[in-house]
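Notes for the one structure printed next.
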Amino acid sequence: MKQLRIFAAILLLFACNKDNGATTTATDTSGFAKGADISWITEMESSGKKFYNAAGTEMDGIRLLQSLGMNAIRLRVWVNPADGWCNKNDLLVKAYRAKSLGMRIMIDFHYSDSWADPSQQTKPAAWANMGFDELKKAVANHTTEVLTLLKEKGITPEWVQVGNETGNGMLWEDGKASSNMAQYAALTNAGYDAVKATFPDAKVIVHLQNGNDNSLFRWLFDGLKSNGGKWDVIGMSLYPTKDNWAAMNTACYQNMQDMVTRYGSSVMICEVGMDQEQATTAKAFLADLIAKSKSVPDNKVLGIFYWEPEAYGAWKNYTMGAFDDSGKPTVALDAFK
């Protein structure tokens, strides 16, 4: 009953949202994905942050991104976050809003209570003392629970990440790839199988940092392959500076081509970003990366997602968003039009 009350509140809040006459933009639901991770958006709204188009008209943040040419949304989920943001119910709020606008959806499982990235892949507190077989079951059960919640509300993700920036595995120490690639592969498969059991058509992504680092990608995916690891799509992050973006894009392009040739996999650029003060350069970076991605033969690069572009005003001390301090999108996002 509590979950039903939460969902009813979601419906009411979204239905009552006013965009001051703004119209809904038709969304391209096939082909190249142009998207954003907007996992902070509900927390930002709760704190009073608002979003405006170039004319200064207040808009719902997701509708605004859609009006700028985006057709997809990426959302992270944590197991038991201390403040509740990015838990399964907060995920449902955002996923329902995206679905209501006809947006394509990617779910990003961190398998942690907080950030999972190259510097930390910490087990959820509730999983800390589990044996390895229990840990595999926990991955499967959590994946199934979250995806079933979405399925019950008619929400179908197109892509699901099993882990976030797992260049050295996940759920350390058990799933640390450098010390036990076989166990990392087994944990990945536990997530993969749970995704397919719930959404057979969803594409499962294994996502690594530093999309320009071909040696990292070869090492990790060779290791997964030799240990029976399963994936559908290879995910990449790329965060260049104003001085090195051209070289990083070229290296990323070469890496994408190699992943397609070496493994026969499709590729997704799951995260990009650049200093918000370098908006014109960021636009050039994004336009070039999109063009390079689309030039890989056979449409093997599926899309590109900007990470938290709506972050502004030193939100969480993050400075690589694509909105200015007045809550308006910068020219960086013109690359998605």
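According to mature numbering (1 follows the signal peptide of the UniProt record, and there is no 0), the residues represented by the sequence shown are -21 to -1, 1 to 316, in order.
A virtual CB, placed ideally from N, CA and C, is assigned to each residue, including glycine.
Source: prediction; values computed, not measured.
- In the three-state reduction of the DSSP assignment, M149 falls in the coil class.
- When the beta-carbon positions are compared, K13 and F315 come within less than 7 Å of each other.
- The beta-carbon separation of D92 and V58, rounded to 5 Å, stays under the 8 Å limit for a contact.
- Annotation for V239: V246, V275, K279 place their beta carbon closer than 7 Å to its own, counting only its chain and skipping 5 residues before and after.
- Across the structure, Y163 and A169 are spaced so that their CA atoms are roughly 10 Å apart.
- With contact defined as three or more Cβ pairs closer than 8 Å, the segment 46 to 54 and the segment 306 to 315 are in contact.
- Listed in chain order, the alpha helix (DSSP H) elements of length 4 or more contained wholly in the segment 104 to 182 are 111 to 131, 160 to 177.
- Two segments are said to touch when three or more pairs of C-beta atoms, one from each, lie closer than 8 Å; by this definition the segment 61 to 76 does not touch the segment 101 to 110.
- For V239, the enclosing alpha helix (DSSP H) begins and ends at 224 to 242.
- Non-local C-beta neighbours of G190 in its own chain, meaning closer than 7 Å and more than five positions away in sequence, comprise M215, S216, L217, C231, N234, I248, ordered along the chain.
- CA-to-CA, the gap between G208 and A165 works out to about 7 Å.
- Nearest in C-alpha terms to G300, of all of R55, A258, M149, is A258.
- When the five nearest sequence neighbours on each side are left out, the beta carbons in the same chain lying within less than 7 Å of the beta carbon of W286 are those of D16, E250, V251, G252, in order along the chain.
- In the three-state DSSP reduction, E287 falls in the coil class, being neither helix nor strand.
- Judged by their CB atoms, D87 and N32 are not nearer to each other than the 7 Å cut-off.
- Contact between L281 and V183 fails: their C-beta atoms lie close to 13 Å from each other, not under 8 Å.
- Comparing alpha carbon positions, the residue from T122, K155, I20 closest to R76 is I20.
- Of all alpha-carbon atoms in D277, D303, A290, the one lying nearest the alpha-carbon of G10 is that of D277.
- In the DSSP assignment, the residues bridged to I52 are A15, I84.
- In this structure, H89 keeps its C-beta atom at 7 Å or more from the C-beta atom of R53.
- The C-alpha of V125 is placed about 18 Å away from the C-alpha of L150.
- Taking P219 as reference, the option from Q255, A119, A105, I134 with the minimal CA-CA separation is Q255.
- Minimum Cα-Cα distance from W224 among the listed residues L114, K204, K262 corresponds to K262.
- For the pair Q188 and G146, the CB atoms are nearer than the 7 Å cut-off.
- Sorting F111, D39, G35 by C-alpha distance to the C-alpha of M23 places D39 at the top.
- Cβ neighbours of M85 within its own chain (closer than 6 Å, five residues either side excluded): R53, W138.
- Close CB contacts of M227 within its chain, under the 7 Å cut and outside five residues either way in sequence, are with N191, L217, P219 (chain order).
- Distances from the alpha-carbon of N206 to those of P288, A61, L268, A161 put A161 closest.
- In the three-state scheme derived from DSSP, where H, G and I count as helix and E and B as strand, V275 is classed as coil.
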